[in-house]
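Enquirer: Numbering (the working numbering), first residue to last: 5 to 364.
Below is a structure I'd like to ask you about.
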Amino acid sequence: MTTSPAPQSAWIETDAVIVGAGPVGLFQVFELGLLEIKAHVIDSLAYPGGQPIELYPDKPIYDIPAIPVCTGKELTDALLKQIEPFGATFHLGQTVTQVQRQDDGRFFVETSKGTRLLTKTLFIAAGVGAFEPRTLKVEGLERFEGSQLFYRVKNPADFAGKNLLIVGGGDSALDWTLQFAADGTHRAESVILVHRRDGFKAAPASVAKMRELCDAYEMQFIVGQVTGFEEREGRLVGAKVTGGDGVTRVVPTDALLVFFGLSPKLGPIADWGLQIERKQLVVDTEKFSTSIPGIFAVGDINTYPGKKKLILSGFHECALAAFAAAALIFPEKGKIHLQYTTTSPKLHKVLGVESPVFDD
5 MTTSPAPQSA WIETDAVIVG AGPVGLFQVF ELGLLEIKAH VIDSLAYPGG QPIELYPDKP
65 IYDIPAIPVC TGKELTDALL KQIEPFGATF HLGQTVTQVQ RQDDGRFFVE TSKGTRLLTK
125 TLFIAAGVGA FEPRTLKVEG LERFEGSQLF YRVKNPADFA GKNLLIVGGG DSALDWTLQF
185 AADGTHRAES VILVHRRDGF KAAPASVAKM RELCDAYEMQ FIVGQVTGFE EREGRLVGAK
245 VTGGDGVTRV VPTDALLVFF GLSPKLGPIA DWGLQIERKQ LVVDTEKFST SIPGIFAVGD
305 INTYPGKKKL ILSGFHECAL AAFAAAALIF PEKGKIHLQY TTTSPKLHKV LGVESPVFDD
């Protein structure tokens, strides 16, 4: 980081900037709001929600405390409602291009759309970074991307009644295979799953269900790899699948869905001078501060001993990071004491709710 020119009048001055509007970034708004810290939120997507909205908006999530099951969209909607009292400002469809520390300790932040902010604290909640799907390496196939080749499912209804070829061996591949093979609402005409080996990195129950569907002739599973394709009049009509026996067969298909996972790319974050380990930001477990004081990292972007990449872990990290940030933003207050939303009149005022009356 270098020192930028003197602040300009057009810069937005704020106490906190959050990079990333996924579930953890949104909950960071809430934890900061409870401490009367208003935040600006930046995200490269045109809408809040992060990976759950972009990659699996309709898939069920089962490990959010007190919520037995919800979809990525439902979780996002609930978090947005929860942070309404705090009036966060969103800067969507733009990425952070530079971060520069000022002489007074604040950080100058500029985005790809020219938004300029001057902030006392910076929270990086960018998930796995600028995540990109790992692509299928078949020469010429890329021209069908978005029309017949897909690396994510945004609207399951688009694939109903079609002949689908699904490639991959992880949870996403198995989940979508089961949905399109067995779901009456979005059921495909046919589903063929292709994986390079007869072993999966997916939930055992999903694998067992897939094999049941194969035994019932509801779908097919092929051990092999996609090595080519056939087209007719500019449209993809089949994929060439080479099996373990070395024989290549043409599998007719209307749409090719590939789930090879995500390739994390830190992008400009890698140039901010932060301590990085395996493309993740090293933090402490007291404040979730990075190697630069005033910059915090929460959620999947960070690493520390025992780290578990779970949404609920990120929520915990947000709370501790918020208290650490409050000490920097309000040094005159001294120690920031913990208060409970159940009983604190001050927090009730911040949340815009009436304080309950308890009987003795």
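Note that the Cβ used here is the ideal one computed from N, Cα and C, for glycine as well.
If His190 and Ala164 are in contact, beta carbons under 8 Å, what's the gap, nearest whole angstrom?
Expert: Taking the Cβ atoms as the reference, His190 lies roughly 5 Å from Ala164, within the contact range of under 8 Å.
Enquirer: Does DSSP put Gly76 in a helix, a strand or coil?
Expert: helix
Enquirer: Rounded C-beta distance between Leu122 and Glu40? I'm assuming under 8 Å.
Expert: Contact between Leu122 and Glu40 fails: their C-beta atoms lie close to 19 Å from each other, not under 8 Å.
Enquirer: Starting from His199, follow its DSSP beta bridges and name the residues at the other end.
Expert: Val227
Enquirer: For Lys205, is the classification buried or exposed, using 16 other Cβ atoms within 10 angstroms of its Cβ as the cut-off for buried?
Expert: exposed
Enquirer: Quick one, which of His95, Ile299, Gln152 has its alpha-carbon nearest Arg236's?
Expert: Closest option to Arg236, Cα to Cα, is Gln152.
Enquirer: Can at least three beta-carbon pairs, one atom from the segment 163-182 and one from the segment 195-215, be found at a separation below 8 Å?
Expert: yes
Enquirer: Might you give, ordered along the chain, the residues of its own chain that have their beta carbon closer than 7 Å to the beta carbon of Gln284, omitting 5 neighbours on each side?
Expert: Ile305, Asn306, Thr307
Enquirer: Over the uninterrupted beta strand (DSSP E) stretch that includes Ile128, give me the two end residues.
Expert: 120-128
Enquirer: With DSSP collapsed to three states, give me the class of Ser317.
Expert: helix
Enquirer: Count Cβ pairs between the segment 284-298 and the segment 320-340 that sit closer than 8 Å; are there 3 or more?
Expert: yes
Enquirer: Fully enclosed by the segment 15-63, which beta strand (DSSP E) runs are 3 residues long or longer?
Expert: At a cut-off of 3 residues, the continuous stretches assigned as beta strand (DSSP E) that sit fully inside the segment 15-63 are 16-23, 43-47.
Enquirer: Looking at the secondary structure, which residues open and close the alpha helix (DSSP H) in which Val211 lies?
Expert: 208-219
Enquirer: Quick one: grab the DSSP three-state call for His352.
Expert: helix
Enquirer: Is the separation between the beta-carbon of Ile333 and that of Lys63 shorter than 7 Å?
Expert: no
Enquirer: Look at the alpha carbon of Lys312 and the alpha carbon of Tyr60, and state the distance between them as a whole number of angstroms.
Expert: In this structure, the alpha-carbon of Lys312 lies about 20 Å from that of Tyr60.
Enquirer: If we ignore side chains and look at the alpha-carbon of each, how far apart do Gly250 and Arg147 end up?
Expert: So the two alpha carbons sit approximately 27 Å from each other.
Enquirer: Using a threshold of 7 Å, state whether the C-beta atoms of Gly242 and Val255 are closer than that.
Expert: yes
Enquirer: Within the continuous alpha helix (DSSP H) that includes Ala177, where are the two ends?
Expert: 175-186
Enquirer: Per the DSSP calculation, Ser293 is bridged to which residue(s)?
Expert: Phe300
Enquirer: Mapping the DSSP letters down to three states, classify Gln152 as helix, strand or coil.
Expert: coil
Enquirer: Roughly how far, in whole angstroms, is the beta-carbon of Gly37 from the beta-carbon of Val354, given that I think they are within contact range, below 8 Å?
Expert: 7 Å
Enquirer: Under 7 Å between the Cβ atoms of Glu193 and Asn167?
Expert: yes
Enquirer: Going by C-alpha to C-alpha distance, which of Gln279, Met214, Ala92 sits closest to Leu225?
Expert: Looking at the sequence provided, one finds Phe at residue 225 rather than Leu. Checked all of Gln279, Met214, Ala92; the closest Cα to Phe225 is Met214.
Enquirer: Taking the alpha-carbon positions, what's the Gln86 to Gln98 distance?
Expert: 24 Å
Enquirer: Could you tell me which of Phe127, Leu126, Gln102 sits nearest to Ser116, measuring between CA atoms?
Expert: Gln102
Enquirer: Please identify the residue among Glu336, Leu260, His320, Pro52 whose C-alpha is closest to the C-alpha of Asp162.
Expert: Leu260
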